[in-house]
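Heads up: the structure comes next, in structure tokens.
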Amino acid sequence: MIKFHCDKCGQKLGVSPEYAGKKVKCTGCGVAHIVPACGDEMESKAYSEGYELGMLPEGAVKSDHKKTKEEIEAVLEKESATLIGHGMIKCPHCGKAVKEGVKLCVNCGEFIHKGGEKHGMGEELAKVAGKMAMGFGAAVMVGGLVAVIAGAIWAGIVILSGYEVGYVAIGIGFLVGLAVTVIAGKQSAQVGTAAAGLAVVGLLVGKLIIMQWGVPSLMAGEFAKMPGMVEIAMAGKMSEEKAFSSRVQTVLNRRAERGDDEERPLPTTIEEQMMAEIGAAASKMGADEKKSLVRRFMVDPMLGEMTIMDRLKDVFSAWDGLWCLLAVTTAFGMGKGKE
């Protein structure tokens, strides 16, 4: 008797050998199926014992002592070719037929990376992964490169937009998981763990870039909007460049030479003229110039007095923990699949 399963509902079906190659309806759902071909070597016992493993038991074949090993292998190869497409698939490693959906080919012992939906990958992704498989080591290297690039892109979005769009960080997990899985050519706990770790690397790279260039830019933009901040920064610039009028600059130089420039207040007329010159210079600047001025004379000196750890603490928040968790979960899920 030929035994097989309905591809749609999973119903076990059994028909006489004369129905091989003919259409029969499933008793469960009514869908028509072509009955797989069955030779003398494929006995009912072979199906009953080996079908769930995705192969015909070796013992069921070797029981025919009239045939040589080469003849038996030839028959198996022929029958495998006949079965492929009728509830069976071809093992990408040894080429023999195995039941569709199995994870392990018991002919060669290799994992079967087919049935993309069951493993968390689309069918096209599974094909691409099989063609581009380069090994776990190469997957880690490529994944690390993708993580750094993705982290830099995320940081760039933050710097250009002025907003830390946290949910974009989830994209880092997706891109890293995709890269590692495709290059590794498989899905497993090892691949998932590597993808998750590299996603964290990408997030850290993004955060470091944001800390170094994003935070100063964001702070300068906010400070430039505050009343009086641009004037304070302009005072620092004009003092450094000695850009005041000759009358004001002469007084400032004398005070600096005596070392009492911070001990005694400026004469009222000099202070008023000084503030007028600062205001006039600031009013001629555009928004970007003001932001750059505030960053140079206020933000950078302020951040320069902070340690790296203090600055890192300031850029991390509870939201970052959530984004990190989602990114890592995404990367791990893509790499691990549904084993």
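Going by my numbering, the first residue of the sequence shown is number 1168, and it counts up by one from there.
The beta-carbon is built from N, C-alpha and C at its ideal position, and this holds for glycine as well.
- Nearest Cα to residue 1494 within the set 1194, 1311 and 1367: 1367.
- The residues 1314, 1315, 1317, 1318, 1339 and 1343, in chain order, have a CB closer than 7 Å to that of residue 1369 in the same chain once the five nearest residues on each side in sequence are set aside.
- Setting aside the 5 residues that flank it on each side, residue 1189 is surrounded in the same chain by 1202, each with a C-beta closer than 6 Å to its C-beta; the list follows chain order.
- Here residue 1309 is not near residue 1396, since their CB atoms are 8 Å or more apart.
- Contact check for residue 1464 and residue 1403: beta-carbon distance about 4 Å, within the 8 Å limit, so the pair qualifies.
- In the three-state DSSP reduction, residue 1182 falls in the strand class (E or B).
- Bridge pairing for residue 1265: 1256 [DSSP].
- Between residue 1502 and residue 1347 the beta-carbon gap is near 5 Å, inside 8 Å, which marks them as a contact.
- Shown here, residue 1198 sits in coil according to DSSP, grouped into three states, outside any helix or strand.
- Cβ contact annotation for residue 1406 (same chain, cutoff 8 Å, sequence separation greater than five): 1419, in chain order.
- Note on geometry: alpha-carbon atoms of residue 1385 and residue 1401 lie some 19 Å from one another.
- Taking 8 Å as the cut-off, the beta carbon of residue 1171 is found no closer than this to the beta carbon of residue 1360.
- By the C-beta density criterion, residue 1441 is buried, having at least 16 other C-beta atoms within 10 angstroms.
- Excluding five sequence positions before and after residue 1444, the CB atoms of its chain that fall closer than 8 Å to its own CB belong to 1405, 1411, 1412 and 1415, given in chain order.
- Beta-bridge pairing by DSSP links residue 1192 to 1199.
- When C-alpha distances from residue 1303 are compared across 1389, 1356, 1177 and 1485, the shortest belongs to 1356.
- Under DSSP, the beta-bridge partners assigned to residue 1171 are 1180.
- In this model, residue 1422 and residue 1439 are separated by some 17 Å (Cα to Cα).
- Burial check for residue 1505: the Cβ neighbour count within 10 Å stays below 16, so the residue is exposed.
- When secondary structure is reduced to three states using DSSP, residue 1409 falls in the coil class, being assigned neither helix nor strand.
- DSSP places residue 1341 in the uninterrupted alpha helix (DSSP H) bounded by 1336-1351.
- Note on geometry: alpha-carbon atoms of residue 1335 and residue 1321 lie some 7 Å from one another.
- The three-state reading of DSSP puts residue 1474 in coil, since its state is none of H, G, I, E or B.
- Excluding sequence positions up to five before and after residue 1375, its CB lies less than 6 Å from no other CB in the same chain.
- Measuring C-alpha to C-alpha distances from residue 1168 to each of 1185, 1331 and 1488 identifies 1185 as the nearest.
- Between the C-alpha atoms of residue 1433 and residue 1424 there is a straight-line separation of about 15 Å.
- Counting along the chain, residue 1491 sits inside the alpha helix (DSSP H) bounded by residues 1485-1503.
- In this structure, the straight-line span from the alpha carbon of residue 1469 to that of residue 1383 is close to 10 Å.
- In the structure shown, residue 1322 falls within a helical segment according to DSSP collapsed to helix, strand and coil.
- In chain order, 1416 place their CB closer than 6 Å to the CB of residue 1409, counting only its own chain and leaving out the 5 sequence neighbours on each side.
- With a 10 Å radius around the Cβ and a threshold of 16 neighbouring Cβ atoms, residue 1454 comes out exposed.
- Per DSSP, the unbroken alpha helix (DSSP H) holding residue 1442 starts and ends at 1435-1450.
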